[in-house]
Structures are given as C-alpha cells and as structure tokens.
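Counting in our numbering, the sequence shown runs without a single skipped number right up to 354 at its last residue.
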Amino acid sequence: MNATASTAPQLRLLLQRHALLAFFGLTFALSWSIWGLQSLLADADPISAGWLGIVAAYGPTLAAIALAGLLAPEQQASASPRRQRWLAGAVLAGTVWLNITVVSNPLESTRPAVAALLWLVITLLPAWIVWNVFSRRRGVRDLLRTLAAWRAPPIWYLVALLLPVIISLLGLALLALLGQPLPPWPRTEPMRELLPLLVTTFVATLLYGGPLGEEAGWRGFALPRLQAHHSPLVASLLLSVVWGLWHVPLHLQGVYHGIFPDGLPGILLRIVITIPTTVLFTWFFNRTKGNLWLVVLLHTAVNNTAGFWLPVTVGVYAAMFIMTVTLIITDRMWRLRPPEHATVHAYSHIT
Numbered sequence: 004m005n006a007t008a009s010t011a012p013q014l015r016l017l018l019q020r021h022a023l024l025a026f027f028g029l030t031f032a033l034s035w036s037i038w039g040l041q042s043l044l045a046d047a048d049p050i051s052a053g054w055l056g057i058v059a060a061y062g063p064t065l066a067a068i069a070l071a072g073l074l075a076p077e078q079q080a081s082a083s084p085r086r087q088r089w090l091a092g093a094v095l096a097g098t099v100w101l102n103i104t105v106v107s108n109p110l111e112s113t114r115p116a117v118a119a120l121l122w123l124v125i126t127l128l129p130a131w132i133v134w135n136v137f138s139r140r141r142g143v144r145d146l147l148r149t150l151a152a153w154r155a156p157p158i159w160y161l162v163a164l165l166l167p168v169i170i171s172l173l174g175l176a177l178l179a180l181l182g183q184p185l186p187p188w189p190r191t192e193p194m195r196e197l198l199p200l201l202v203t204t205f206v207a208t209l210l211y212g213g214p215l216g217e218e219a220g221w222r223g224f225a226l227p228r229l230q231a232h233h234s235p236l237v238a239s240l241l242l243s244v245v246w247g248l249w250h251v252p253l254h255l256q257g258v259y260h261g262i263f264p265d266g267l268p269g270i271l272l273r274i275v276i277t278i279p280t281t282v283l284f285t286w287f288f289n290r291t292k293g294n295l296w297l298v299v300l301l302h303t304a305v306n307n308t309a310g311f312w313l314p315v316t317v318g319v320y321a322a323m324f325i326m327t328v329t330l331i332i333t334d335r336m337w338r339l340r341p342p343e344h345a346t347v348h349a350y351s352h353i354t
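Structure (structure tokens):
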C-alpha cells in the first residue's frame, strides 16, 4: 500500500509535465482502436459497427475526462445535485427518443446481444458526460463546467448557429460573382418535411456526429494548455494537425470518399482544410471565455451545414480562408494571450 501511495503522486507529476502528450496519446489509442474494431465488424454486423464508430468519436472527451480526474482528483462537495439529475435526465430522455425513432433496431443486427449493448452505451454516454459536469472531482468539474453554461449573451448563440450558414452562402455568392455554375442543392424535401429533419439531424449531429464527443478534449483540455505557451494562431496550427490526423482511420475506411481524394492526398487536404476551422473555433472559444456549450453548438452547426442542407463548394473554402485571415488580423491572434485570459484550469499550469 505504501508503494501504491507513493506511486500515485509520481504518476500525477509525470502526467502534469506531459499532459498534452498523454491526452493526444490516450485519445488516439481510444479512437483508433475502436475504429479498428469497427472495420473488423463492418461486413459481418454493420449495425454494431456503426455504433462502435459513434463510441470512437467520443475518444477526445473520454480521454480528457480521465486525465482531468487524475490530474486533480481532489473531492469537492456535490454541486447542484438537483440540477445534475435534471440535466442528465433530460439528455438521457433525448437520446432514448432519438435512438428509438431514428437509430436502427438492435434486434435487426446479426449479433443482437452486441448491438443491444452498444445501443445502451451510446444512449447512456451523453447523459454520463452531462452528469460529470457536476462531478465531485475538481479536475473533471473544472473541465466540463461550461458545458452547462447556456446563459450566454444571445449574440454568441447567433454566431454559433448562423456563421457556418453565412460562410456557405458567401461561398455560393463568390461562385456566382465569378460566373461559375452553382452546385445542386443537397435537399429536395418540401419545407414542411425539411424543418423537422433539420432539427432531428442537428440533435443527432450534436450527440453522435462529433461535437459532444470531441470538444471537451480539443478545446476544453488541449487548447488552454497550448495557449499557455503559444499564441492562439500557433496553438490553432498545432491543434489542426493533430485534429486532422485523428480522422485518418475514417479516411482509410472510405468515409470521406467523394469529399476528399483517397489516400495520402486526402489526409493532407483534410489537415489543410482543418486549419481555418480550428482558427475559427479557437477565436470563438476565447471570445466566449471558454464556453464549451457554445463551441459544441458551433461544431454542430458546421457539421450540419456543410453538405447536408447547403452544398460544399470551392467558394466555401475561399470564404473560410477570407474569414480566417480576417479573424487573425482583427483579433491579433499571433500575440500571446495574457495569463488572466489563458483559460487554463488551476491544475494545468504544467504541460
């Protein structure tokens, strides 16, 4: 027991010194290993394979929660237990509704027991993360607390939900100004069918399309530590490379076939395109004082806009580039942020 007791502080000190490397390593290990299992199951049990892919997308957030708890395991009094139960219960009700009405039936799987277990996992996982917003562990609570910070100025809700739409429309306008043909509209449903579809897709994207599973990791855990030693611009460039590489298994599975070129060119193009998105997310995270809830909404809007109900075009990439340069210049993102604005949690002063 003495040996165990002496090992824990040493392990914590090692993690503090190399928190970013530990986070990136654990994130890749979790996501890539599960995506590997998904590939093995893809032909034999596509339903279970699809749900494994959802679990894999939660790798960054799960890694961040695990490390945050190890770095600052001090126990605090339970905060707002009533609000904790209410929020987690609301999320659980939403995932149950979504998975019953939209997601495949586990009994249709060739391995119904496995599929039922994975259905239960993806149903409980979002509610478990919200439950941990009020965790008794100081590190976990500090990491996730802004996931419940929805009382933000309305302007930031408008930016999160409408900016991706504005960028897409500006991209189409650029094509029209240059006399280029406009691509076909992705959606052909009548408006009375399209609006409910947009709402359902938005919720599904938020829960299962990456935002909730990634943002506590990329922006909540990694970005503050990067910005503790680098400017927002350099931090964004570094994070964009890691974020882009994290998607490699999906490229190898052909998920982005038709969107990106196959093989290495597609992976490199993904990293290049990830740069302006990361700069945007960094700017938004800093401007909203590290509000993860708003960043999750922005991530959802980006994923839900591009290719689902607005077309992805060269004009969109051009508009993103213009926006990126504008944000860098107007926000002077090449300068280090003052320590009081670094949005780094108390336990994360060593990276």
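Ideal placement from N, C-alpha and C gives every residue a C-beta, glycine not left out.
Source: prediction; values computed, not measured.
In the DSSP secondary-structure assignment, residue 78 is bridged to 140. Taking 4 residues as the minimum length, the alpha helix (DSSP H) runs contained wholly in the segment 306-333 are 317-333, in order along the chain. Collapsing the DSSP output to three states places residue 254 in a helix. The residues 112, 113, 114, 117 and 118, in chain order, have a CB closer than 8 Å to that of residue 48 in the same chain once the five nearest residues on each side in sequence are set aside. For a cut-off of 8 Å, the C-beta gap from residue 91 to residue 134 is around 4 Å, short enough to register as a contact. Around residue 315, the same chain offers 309 as residues with beta carbons nearer than 7 Å, after the five sequence neighbours per side are excluded. A Cβ-Cβ separation of about 7 Å places residue 192 in contact with residue 200 under the 8 Å criterion. Within the model, the alpha-carbon separation for residue 62 versus residue 128 is close to 12 Å.
Per DSSP, the unbroken alpha helix (DSSP H) holding residue 245 starts and ends at 235-249. Under the three-state reduction of DSSP output, residue 302 falls in the helix class. The residue from 79, 173, 248 and 175 with its alpha-carbon nearest to that of residue 35 is 248. Our two residues, residue 205 and residue 120, have alpha carbons roughly 25 Å apart in a direct line. Distance from the Cα of residue 146 is smallest, within the candidate group 220, 103 and 177, for 220.
A residue is called buried once 16 or more other Cβ atoms fall within 10 Å of its Cβ, and residue 105, having fewer, is exposed. Residue 321 and residue 87 have their alpha carbons spaced roughly 43 Å apart. Around the Cβ of residue 154, a 10 Å sphere holds fewer than 16 other Cβ atoms; the residue is exposed.
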